[in-house]
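Q: Basically the numbering used here = 1-based index in the sequence shown + 11.
Don't be surprised by glycine CBs; every beta carbon is placed ideally from N, CA and C.
I have a structure here, written as structure tokens, and I will follow up with some questions on it.
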Amino acid sequence: MSNCIFCKIAEGTIPSKKIYEDEDLVAFHDLNPQAPAHFLVIPKKHISTIMDAQQSDIQLLGKLLYTAQSLAAKLGYEQTGARFVINCKDDGGQTVHHLHVHVLAGRAMDWPPG
Ligand code: AMP
Ligand code: ZN
């Protein structure tokens, strides 16, 4: 999508601190980290929100989550854990309308969210 900042990151036309890339996904550090480790994993395909995902996206969604956890493990958080978050639309606090999984790690997280 032409006006989407995460599509531009996926294409490489906007810079990011990428930590992983394959034919379907990109992972990069969040610009405004909320934990010692905070990165985002996105599909290269533009899907605005998790609620816009289609049945045909099931394999991609599985890969998105699997990659998020394996990157967290690779970065050393397998024992201590991490928070995996998908914000959706206004009430979910979504600000960038391209599906992304937040991975936050390196400190204990509060629950419930504010
Ligand atoms: P959300 O509120 O779930 O939509 O999260 C969007 C996240 O994207 C926020 O944590 C922002 O800090 C992050 N963000 C926005 N623009 C960029 C960018 N250019 N590079 C990296 N992270 C970004
Ligand atoms: Zn997009």
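Is the beta carbon of Thr-78 closer than 9 Å to that of Leu-36?
A: Yes.
Q: Between Ser-59 and the rest of its own chain, which residues show a CB-CB distance below 6 Å, the 5 nearest in sequence each way excluded?
A: Contacts found: His-108.
Q: Helix, strand or coil: which one does DSSP assign to Ala-93?
A: Coil at Ala-93, not helix or strand.
Q: Three-state secondary structure (DSSP) at Ile-30?
A: Three-state result, Ile-30: strand.
Q: List the whole-angstrom C-beta distance separating Pro-47 from Arg-118, where the pair is believed to meet the contact cut-off of C-beta under 8 Å.
A: That belief holds up - the Cβ atoms of Pro-47 and Arg-118 are roughly 6 Å apart, short of 8 Å.
Q: Excluding five sequence neighbours on each side, which residues of the same chain lie with their C-beta closer than 8 Å to the C-beta of Asp-41?
A: Counting only Cβ-Cβ distances below 8 Å, and skipping sequence neighbours, we find His-49, Phe-50, Leu-51 and His-113.
Q: So within the region 67-113, which uninterrupted beta strand (DSSP E) runs reach at least 3 residues, ignoring any that extend past its ends?
A: List check, beta strand (DSSP E) in window: 94-96.
Q: Could you check which residue in Ala-38, Met-62 and Gln-45 has the C-alpha nearest to that of Lys-100?
A: Looking at the Cα atoms, Met-62 is the closest of the given residues.
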